[in-house]
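Only one structure is covered here, and it is reproduced in the block below.
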Amino acid sequence: MLDALGRDYQWVEVDIMSGGSRTPEFLLRNPFGQVPTLTLEDGRTLAQSNAILLHLVEGTAWIPADAWERAKMLEWLFWEQYSHEPYVAVARFQRVYAGKTAADVEPRLLERGHAALARMETALAGSDWLAGGQAATVADLALVAYTRVADEGGFDLSAYPNVRGWITRVEKAFGIK
Ligand SMILES: N[C@@H](CCC(=O)N[C@@H](CS)C(=O)NCC(=O)O)C(=O)O
Numbered sequence: 011m012l013d014a015l016g017r018d019y020q021w022v023e024v025d026i027m028s029g030g031s032r033t034p035e036f037l038l039r040n041p042f043g044q045v046p047t048l049t050l051e052d053g054r055t056l057a058q059s060n061a062i063l064l065h066l067v068e069g070t071a072w073i074p075a076d077a078w079e080r081a082k083m084l085e086w087l088f089w090e091q092y093s094h095e096p097y098v099a100v101a102r103f104q105r106v107y108a109g110k111t112a113a114d115v116e117p118r119l120l121e122r123g124h125a126a127l128a129r130m131e132t133a134l135a136g137s138d139w140l141a142g143g144q145a146a147t148v149a150d151l152a153l154v155a156y157t158r159v160a161d162e163g164g165f166d167l168s169a170y171p172n173v174r175g176w177i178t179r180v181e182k183a184f185g186i187k
């Protein structure tokens with residue numbers, strides 16, 4: 011999001027596998043002990059990816075001015091946290107970071123992850139963007155993050171053509187390489 015906004019920032023890598031998110035220094039920045047964490051120039055800190063995104067896009071075109079469209083955007087952001095990330099991202103975490111084989115990944119993660127991808131596939135049949143408006147919103151960015159790398163968690167996206175087309179659109183809209 012910071013790249014799309016053309017804002018200057020410093021990226022600090024935190025190795026969560028070796029306890030980097032549990033050090034006293036990190037917990038002062040983020041008592042939740044999780045990445046991502048945003049630290050502003052004045053020292054204020056913010057946790058939770060979607061809270062961070064919403065703060066960054068305040069007053070920009072990435073958040074709809076219309077109250078209904080904004081609510082539809084929030085609908086997807088809340089859904090992402092409860093019905094997408096816990097499955098699509100966690101399956102990838104188990105494969106890529108925890109070193110599990112495909113056979114060792116909990117079947118429930120794949121089942122629920124596919125249900126989330128199917129939900130997106132249906133929504134994107136009638137609209138270019140998740141929130142349903144004429145332009146990309148920050149909900150598209152939040153959802154594309156783990157969807158574009160879902161294959162690393164064992165999700166074959168070939169069954170989701172609308173999702174694949176949307177990924178390309180979102181990457182272009184936000185300048186993601
Ligand atoms: N709901 C949070 C989830 C953040 C989260 O689960 N981060 C994980 C990595 S993806 C983490 O930092 N885990 C390290 C830990 O819990 O120690 C968000 O969207 O920011």
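Take any residue in the sequence shown, note its place counting from 1, add 10, and you have its number in the numbering used here.
All residues carry an ideal CB built from backbone N, CA and C; glycine is no exception.
Note that the structure is predicted; figures quoted are calculated from it, not measured.
In whole angstroms, what separates the C-alpha of residue i from that of residue j?
| i | j | result |
| --- | --- | --- |
| S137 | G143 | 8 Å |
| V115 | N60 | 26 Å |
| G82 | S168 | It should be noted that the sequence gives Lys, not Gly, for residue 82. Approximately 27 Å between the Cα atoms of the pair. |
| N172 | L134 | 6 Å |
| A188 | F184 | Residue 188 falls outside the range modelled here, since the chain spans only 11 to 187, and no answer is possible. |
| M11 | K110 | 31 Å |
| I186 | V180 | 8 Å |
| A75 | A141 | 13 Å |
| L120 | Q91 | 16 Å |
Three-state secondary structure (DSSP) at residue i?
| i | result |
| --- | --- |
| A108 | coil |
| A145 | coil |
| T70 | coil |
| T178 | helix |
| L140 | coil |
| A57 | strand |
| T132 | helix |
| T33 | coil |
| L120 | helix |
| L167 | helix |
| L48 | strand |
| N40 | coil |
| W21 | coil |
| R102 | helix |
| K187 | coil |
| L12 | coil |
| V173 | helix |
| D76 | coil |
| V159 | coil |
Considering only C-alpha positions, which residue in the set the options is nearest to residue i?
| i | options | result |
| --- | --- | --- |
| E23 | T157, A135, T47, W86 | T47 |
| G175 | T132, R122, P117 | T132 |
| A71 | Y170, L15, L134, T157 | L15 |
| M27 | L50, M11, Y107 | Y107 |
| K182 | L127, D150, W89 | D150 |
| D18 | E51, P34, N40 | E51 |
Measure the beta-carbon distance from residue i to residue j and round it to whole angstroms, keeping in mind my assumption that it falls under 8 Å.
| i | j | result |
| --- | --- | --- |
| R105 | G163 | 6 Å |
| V148 | V67 | 5 Å |
| A126 | V98 | 6 Å |
Pull every residue with its beta-carbon under 7 Å away from any heavy atom of ligand 1, and keep them in chain order. Having a Cβ closer than 7 Å to some heavy atom of ligand 1 are I26, S31, R32, G43, Q44, V45, P46, A57, Q58, S59, N60, Q91, E95, A99, F103.
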